[in-house]
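J.:
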Amino acid sequence: MLERALKGSPRYWAWIGFLLVIICAGALVWINQLTVGLKITGMSRDVSWGFYIAQFTYLVGLAASGVMIVLPYYFHHYKPNKHMVIFGEFMAIAACIMCMLFIVVDLGQPQRMLNVMFHPTPNSILFWDMTVLIGYLSLNLLCGWVCLEHDRIRLPHPKWIKPFIIISIVWAFSIHTVTAFLYQGLPGRHYWLTAILAARFLASAFCSGPAILLLVLKVTEKVTTFRMPKRAVATLTKIIAYAMAVNMFFFLLEVFTSFYSNLPGHMHPLVYLFSGVHGHHELVAWMWTFIAFAVISLAMLIPPKLRDNQKLLPWALVILVIATWIDKGLGLLIGGFNPTPFDTITPYWPSGKELMVSAMVYAIGALIVTVLFKIATDVKQELGNSQALPCGCSSEDDDCDCGTAEEAEAEEAPAADAAEATA
Amino acid sequence: MHYGGKIIIGIVIFVGLLLSPFVFNVGKAYKQPELKLPANEKKCVESLEFMRTKHMQLLNEWRDWALRDGKRVYVNHEGKEFEISLQNTCMKCHKSKADFCDKCHNDAGVSPYCWDCHIQPEGLK
Amino acid sequence: MKNNRRSFIKLAGLAAAGLCVAPKATLASGGGHSPVKAGPKAEHAKRWAMVIDTRKVHTEEDIKVLQHACHSVHNVPDIPTKQNIKWLWSAPYEECFPEQQNPHLDDDVKGRSYMLLCNHCENPPCVRVCPTKATFKRPDGIVVMDYHRCIGCRYCMAACPYGSRSFNFGEPRDYLDLTKLNTDFPTRMRGVVEKCNFCVERLAKGLQPACVEASDGAIVFGDLADKDSEVRKVLRENFTIRRKPTAGTEPSVYYII
Numbered sequence: 000m001l002e003r004a005l006k007g008s009p010r011y012w013a014w015i016g017f018l019l020v021i022i023c024a025g026a027l028v029w030i031n032q033l034t035v036g037l038k039i040t041g042m043s044r045d046v047s048w049g050f051y052i053a054q055f056t057y058l059v060g061l062a063a064s065g066v067m068i069v070l071p072y073y074f075h076h077y078k079p080n081k082h083m084v085i086f087g088e089f090m091a092i093a094a095c096i097m098c099m100l101f102i103v104v105d106l107g108q109p110q111r112m113l114n115v116m117f118h119p120t121p122n123s124i125l126f127w128d129m130t131v132l133i134g135y136l137s138l139n140l141l142c143g144w145v146c147l148e149h150d151r152i153r154l155p156h157p158k159w160i161k162p163f164i165i166i167s168i169v170w171a172f173s174i175h176t177v178t179a180f181l182y183q184g185l186p187g188r189h190y191w192l193t194a195i196l197a198a199r200f201l202a203s204a205f206c207s208g209p210a211i212l213l214l215v216l217k218v219t220e221k222v223t224t225f226r227m228p229k230r231a232v233a234t235l236t237k238i239i240a241y242a243m244a245v246n247m248f249f250f251l252l253e254v255f256t257s258f259y260s261n262l263p264g265h266m267h268p269l270v271y272l273f274s275g276v277h278g279h280h281e282l283v284a285w286m287w288t289f290i291a292f293a294v295i296s297l298a299m300l301i302p303p304k305l306r307d308n309q310k311l312l313p314w315a316l317v318i319l320v321i322a323t324w325i326d327k328g329l330g331l332l333i334g335g336f337n338p339t340p341f342d343t344i345t346p347y348w349p350s351g352k353e354l355m356v357s358a359m360v361y362a363i364g365a366l367i368v369t370v371l372f373k374i375a376t377d378v379k380q381e382l383g384n385s386q387a388l389p390c391g392c393s394s395e396d397d398d399c400d401c402g403t404a405e406e407a408e409a410e411e412a413p414a415a416d417a418a419e420a421t422a
Numbered sequence: 000m001h002y003g004g005k006i007i008i009g010i011v012i013f014v015g016l017l018l019s020p021f022v023f024n025v026g027k028a029y030k031q032p033e034l035k036l037p038a039n040e041k042k043c044v045e046s047l048e049f050m051r052t053k054h055m056q057l058l059n060e061w062r063d064w065a066l067r068d069g070k071r072v073y074v075n076h077e078g079k080e081f082e083i084s085l086q087n088t089c090m091k092c093h094k095s096k097a098d099f100c101d102k103c104h105n106d107a108g109v110s111p112y113c114w115d116c117h118i119q120p121e122g123l124k
Numbered sequence: 000m001k002n003n004r005r006s007f008i009k010l011a012g013l014a015a016a017g018l019c020v021a022p023k024a025t026l027a028s029g030g031g032h033s034p035v036k037a038g039p040k041a042e043h044a045k046r047w048a049m050v051i052d053t054r055k056v057h058t059e060e061d062i063k064v065l066q067h068a069c070h071s072v073h074n075v076p077d078i079p080t081k082q083n084i085k086w087l088w089s090a091p092y093e094e095c096f097p098e099q100q101n102p103h104l105d106d107d108v109k110g111r112s113y114m115l116l117c118n119h120c121e122n123p124p125c126v127r128v129c130p131t132k133a134t135f136k137r138p139d140g141i142v143v144m145d146y147h148r149c150i151g152c153r154y155c156m157a158a159c160p161y162g163s164r165s166f167n168f169g170e171p172r173d174y175l176d177l178t179k180l181n182t183d184f185p186t187r188m189r190g191v192v193e194k195c196n197f198c199v200e201r202l203a204k205g206l207q208p209a210c211v212e213a214s215d216g217a218i219v220f221g222d223l224a225d226k227d228s229e230v231r232k233v234l235r236e237n238f239t240i241r242r243k244p245t246a247g248t249e250p251s252v253y254y255i256i
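The structure is reproduced here in structure tokens:
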């Protein structure tokens, strides 16, 4: 199927070329980092993890998020998601690879990284994180590829793949739980030392991940004949809205616990992040942006009228992604390390080179997404599944006002499927 | 044959690359590296054959024994005792990394990372 | 010919299987006895501990002397950025004991500088999180690092509640005076974490840790498990505190206030 990625429009190749340029530029900086060390980053003795690990954490959420499409389809037989599943799985593949790359670029001695396997250490959460990430990547490669291949040759999905899909659904929760355990078991880091960190991670993953996926699919709709079924979009948007509400609720729980208990260790990171201490206010503007954006995104997602407005939706999603990214991709790490164990503040900001290397990883992820989505949309187009109709509906939409029977004729009775689901 | 010309050109390039090392070195006689052995010590911690073929394993074990097990004295096959230390035992006899280690390592094209941390007897510049 | 090859393969297979099963130690010895032992002068203990008398070492200058003793014997570079390497350093009371603050502390205690180093905890979080066992706790309680194995993931630095660990962001030798190195001890390489090792290499030779030796009796070092030891005597007779007791790590470094 890979050969489908080799045939594309000039626009497709221009995009691939653009990504390759970013990858090459980032790779040059990475080679520089490999030769002189991580001193090119903004990290320090006190803030010893930075942008790389923060992006890793955020992207684990993206990897886990595909499950919000896969789970309703397989556990609840929610038919509108049928042709969306593959995109969730393919997004997870790209996200897993980006996660691994962010770990690799963060290592001081990357050539020794296999030591984690040569000297397996089950008491280290990092060992488990490696295990679950590799496992989740393999599961998604397997499920995604096998299902798409069977679609392509017009065969039903094989029975043996079902257990793997079910395992992958459960596994999705495990990857983000384990990533949270990476942080929440450390005795001196109060901002992370909270029993609901894993729950917070999952909540933020299940809003930000599907939001990113939905945005990428909106772009996909623009450049291919693929069209998401309206009901699938509506359901996913609802999930995003609920997850974001839960995410903010969990955040408020943290605020309550910290300030009502008045425990200095629990209050200090929040105070530093939101109002600054010892004359350091580096993140204050960012954190309030997070709060403001979170509120705006919720305001745009909770009222059904606004939520179902497809013109407004991309904006709401972008705002939500920015809010969650500030919270988890920036504040979480810096707030964990500040105040330092000496109750002092050591500001951190990623260096330009750090951002270049990160851009390389993101570009690699985008390249993988592009190639995989290209293959998937090609196959869908060939089969006439979930295709855009002239009126703007998807061929999977059964309640489209413009849709007549002859336009959906290529389908093997999608209306019957949908009727079953609604019934 | 579809793409016959391209395939043949590809094969030629591949075979050329494969053979390039041989072509590059043709006519040159291989010369054994000449090591500078310690002047006043005839015996190493183990036999010559053992050291020649297994010194890397021995050093690996020495590292783990000294650092991880805290056992810093090595008893060899003849019952003789040595302090387990690359810098303070090995290199006290082999007084030059350049004249000893590097000779074979360069020849074999290997670059162990010992000296990224350990200090060679000739000192650092 | 064929027979030969077959028997060779069999032998090779057996040898390979043997190598997997046989303990590593048989490689060099073969005599059934362990080919390694501790040195004759090595100091032994069940749990090494340190008591710092902050009434005696309490100025930055005092601690500078100890730091110099430590850093020169271990080839620790001094990097003038926030990516510095520290095995032993000084800090004011509120940085050393942020959880034991008191707004009306007496001027003397408040004005002192305190010597900081790795606490060699009984329950070290750094050991718990290390994914390669590059950081491990020896049976005598000393938490040490195997720099050969460290992958530089810095998880241990996130885990340490005492900020006792440093990472070699760059090449440490760029910041060392290469003419003044201690040639008995290695340097570190770029990309690994490092910290105080309670001078294991000196204890193995029957020497006291470098800071203890340089402290002129202000730091006592000994076996916490031996109730007749000097450390236990000092702990019995003086009021001592440890850093961040709530972290549950059980530090082995005590401070006489």
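Protein chains in written order, with numbering that gives the first Met the number 0: chain A, 0 to 422; chain B, 0 to 124; chain C, 0 to 256.
Where a beta carbon is used, it is the ideal one built from N, C-alpha and C, also for glycine.
Using a Cβ-Cβ cutoff of less than 7 angstroms, which residues in the same chain neighbour residue 53 of chain A once the five nearest sequence positions on both sides are dropped?
T.: In the first sequence, residue 53 of chain A corresponds to position 54, counting from 1. Answer for residue 53 of chain A: 328, 329, 331 and 332, listed in chain order.
J.: Take residue 171 of chain A as the anchor and find which of A/367, A/210, A/190 and A/200 has the nearest alpha-carbon.
T.: Position 172 of the first sequence holds residue 171 of chain A. When only C-alpha atoms are compared, the closest one is A/200.
J.: At the level of alpha carbons, what is the spacing between residue 78 of chain C and residue 145 of chain C?
T.: Counting from one through the third sequence, the residue named residue 78 of chain C turns up at place 79. Counting from one through the third sequence, the residue named residue 145 of chain C turns up at place 146. In a straight line, the C-alpha of residue 78 of chain C is about 22 angstroms away from that of residue 145 of chain C.
J.: Straight-line CA distance for residue 58 of chain B to residue 19 of chain A?
T.: On the second sequence, position 59 is the one that residue 58 of chain B refers to. On the first sequence, position 20 is the one that residue 19 of chain A refers to. Approximately 44 angstroms between the Cα atoms of the pair.
J.: Ordered along the chain, which non-local residues of its own chain (more than five positions away) have a Cβ less than 6 angstroms from that of residue 61 of chain B?
T.: The residue given as residue 61 of chain B occupies position 62 in the second sequence. Closer than 6 angstroms at the Cβ level, and outside the excluded window around residue 61 of chain B, lie 83.
J.: Report all residues from its chain with a CB closer than 8 angstroms to the CB of residue 89 of chain C; omit the five preceding and five following residues, and keep chain order.
T.: By 1-based counting over the third sequence, the position of residue 89 of chain C is 90. Taken in chain order, the residues that qualify are 59, 62, 63, 66, 112, 113, 114 and 115.
J.: Report yes or no: is there a C-beta of chain A within less than 8 angstroms of the C-beta of residue 249 of chain C?
T.: Residue numbering aside, residue 249 of chain C sits at position 250 when the third sequence is read from its first letter. Output row for residue 249 of chain C: interface = no.
J.: On the three-state DSSP scale, how would you describe residue 57 of chain C?
T.: Taking the first residue of the third sequence as 1, we reach residue 57 of chain C at position 58. In this structure, residue 57 of chain C counts as coil in the three-state DSSP scheme.
J.: What residue from A/121, A/223, A/41 and A/112 has the CA that sits closest to residue 378 of chain A's CA?
T.: Stepping through the first sequence from its first residue, residue 378 of chain A is reached at position 379. The shortest C-alpha separation from residue 378 of chain A is found at A/223.
J.: Going by DSSP, name the residue or residues bridged to residue 89 of chain C.
T.: The residue labelled residue 89 of chain C in the question sits at position 90 within the third sequence. Answer is C/114.
J.: With distance defined between alpha-carbon atoms, name the residue in A/162, A/150 and A/184 nearest to residue 427 of chain A.
T.: The question about residue 427 of chain A has no answer, for chain A in this structure spans 0 to 422.
J.: Mind checking residue 31 of chain C: buried by the 16 CB within 10 Å criterion, or exposed?
T.: Translated into positions along the third sequence, residue 31 of chain C becomes position 32. A caution first: residue 31 of chain C carries a pLDDT of 43, below 50, which makes its placement in the model unreliable, though a value can still be read off. Residue 31 of chain C should be labelled exposed.
J.: For residue 254 of chain C, would you say it is in contact with chain B, using Cβ-to-Cβ distances shorter than 8 angstroms as the test?
T.: Against the third sequence, residue 254 of chain C aligns to sequence position 255. Closer than 8 angstroms: no.
J.: Classify residue 26 of chain C as helix, strand or coil using the three-state DSSP reduction.
T.: The residue labelled residue 26 of chain C in the question sits at position 27 within the third sequence. Its pLDDT being 46, under 50, residue 26 of chain C is placed unreliably by the model, and the measurement read from it follows with that caveat. Note: residue 26 of chain C maps to helix in three-state DSSP.
J.: So with CB distances below 7 angstroms, who are the chain C contacts of residue 280 of chain A?
T.: Position 281 of the first sequence, counted from the start, is the residue given in the question as residue 280 of chain A. In chain order: nothing, as chain C lies at least about 18 angstroms away.
J.: Anything in chain C within Cβ reach of residue 42 of chain B, meaning under 8 angstroms, just list it in chain order.
T.: For the purposes of this step, residue 42 of chain B is taken as residue 43 along the second sequence, with counting starting at 1. Simply none; closest approach about 15 angstroms.
J.: Excluding five sequence neighbours on each side, which residues of the same chain lie with their C-beta closer than 8 angstroms to the C-beta of residue 221 of chain C?
T.: On the third sequence, residue 221 of chain C is found 222 positions in, with the first residue counted as 1. Answer for residue 221 of chain C: 44, 47, 48, 228, 229, 230 and 231, listed in chain order.
J.: Quick check on the DSSP output: what are the complete alpha helix (DSSP H) runs of length 4 or more inside the segment 53 to 107 of chain B, in order along the chain?
T.: You should have 100 to 107.
J.: Mind pulling the chain C residues with CB within less than 7 angstroms of residue 38 of chain A?
T.: Position 39 of the first sequence holds residue 38 of chain A. Here the neighbours are 82, 168 and 169.
J.: Considering residue 221 of chain C, what are the terminal residues of the beta strand (DSSP E) in which it resides?
T.: For the purposes of this step, residue 221 of chain C is taken as the residue at position 222 of the third sequence. Residues 218 to 222.
J.: Kindly list the residues whose CB is nearer than 8 angstroms to the CB of residue 56 of chain C, restricted to its own chain and excluding five residues on each side of it in sequence; keep chain order.
T.: Translated into positions along the third sequence, residue 56 of chain C becomes position 57. Excluding positions up to five away in sequence, the list reads 62, 65, 114, 214, 217 and 218.
J.: Could you spell out the range, first to last residue, of the beta strand (DSSP E) harbouring residue 50 of chain C?
T.: Taking the first residue of the third sequence as position 1, residue 50 of chain C is located at position 51. That run of the beta strand (DSSP E) goes 47 to 52.
J.: Can you check DSSP and say which residues form a bridge with residue 255 of chain C?
T.: Translated into the one-based positions of the third sequence, residue 255 of chain C becomes position 256. According to DSSP, which records beta bridges pairwise, residue 255 of chain C is partnered with C/52 and C/239.
J.: What is the DSSP secondary structure of residue 365 of chain A, counted as helix, strand or coil?
T.: The residue you call residue 365 of chain A lines up with position 366 of the first sequence. Helix.
J.: Which residues, taken in chain order from the segment 37 to 67 of chain B, show a beta carbon closer than 7 angstroms to some beta carbon of chain C?
T.: Answer set for the segment 37 to 67 of chain B: 45, 56, 57, 60, 62, 64, 66 and 67.
J.: Closest by CA to residue 325 of chain A, which one among A/303, A/290 and A/313?
T.: Sequence index remark: in the first sequence, residue 325 of chain A carries index 326 (1-based). If we check each option's Cα against that of residue 325 of chain A, A/290 comes out closest.
J.: Just to confirm, is the Cβ distance from residue 105 of chain A to residue 51 of chain A under 8 angstroms?
T.: As a working mapping, residue 105 of chain A is identified with position 106 in the first sequence. As a working mapping, residue 51 of chain A is identified with position 52 in the first sequence. Yes, the pair counts as a contact, with Cβ atoms nearer than the cut-off.
J.: Tell me whether residue 193 of chain C sits in a helix, a strand or coil according to DSSP, three-state version.
T.: For the purposes of this step, residue 193 of chain C is taken as residue 194 along the third sequence, with counting starting at 1. Residue 193 of chain C: strand per DSSP, three-state reduction.
J.: Got a sec, what are the start and stop residues for the alpha helix (DSSP H) residue 317 of chain A sits in?
T.: Taking the first residue of the first sequence as 1, we reach residue 317 of chain A at position 318. Per DSSP, residue 317 of chain A belongs to the alpha helix (DSSP H) from 312 to 325.
J.: Does the separation of the CB atoms of residue 186 of chain C and residue 172 of chain C fall below 8 angstroms?
T.: The count along the third sequence starts at 1 and reaches residue 186 of chain C at position 187. The count along the third sequence starts at 1 and reaches residue 172 of chain C at position 173. Yes, they are a contact pair.
J.: Under 8 angstroms between beta-carbons, which chain E residues line up against residue 86 of chain B? List them in chain order, please.
T.: Given the protein chain composition of this structure (A, B and C), no chain E is represented.
J.: Do residue 142 of chain C and residue 131 of chain C come within 8 angstroms of each other at the CB atom, strictly closer than that value?
T.: As a position in the third sequence, residue 131 of chain C is number 132, starting the count at 1. As a position in the third sequence, residue 142 of chain C is number 143, starting the count at 1. Against a cut-off of 8 angstroms, the Cβ pair of residue 142 of chain C and residue 131 of chain C comes out as no contact.
J.: Helix or strand or just coil, what does DSSP make of residue 279 of chain A?
T.: By 1-based counting over the first sequence, the position of residue 279 of chain A is 280. Strand.
J.: What's the C-alpha gap between residue 132 of chain A and residue 68 of chain C?
T.: For the purposes of this step, residue 132 of chain A is taken as the residue at position 133 of the first sequence. For the purposes of this step, residue 68 of chain C is taken as the residue at position 69 of the third sequence. Answer to the nearest angstrom: the Cα atoms are 45 angstroms apart.
J.: Determine, using beta carbons only, whether residue 162 of chain C and residue 340 of chain A come nearer to each other than 8 angstroms.
T.: What you label residue 162 of chain C is simply residue 163 of the third sequence in a count that begins at 1. What you label residue 340 of chain A is simply residue 341 of the first sequence in a count that begins at 1. Taking 8 angstroms as the Cβ cut-off, residue 162 of chain C and residue 340 of chain A qualify as a contacting pair.
J.: Once you ignore the five residues that flank residue 266 of chain A on each side, which residues in its own chain have a CB closer than 7 angstroms to its CB?
T.: As a first step, residue 266 of chain A is located in the first sequence; it is residue number 267 there, counting from the start. These residues qualify, in order along the chain: 257 and 258.
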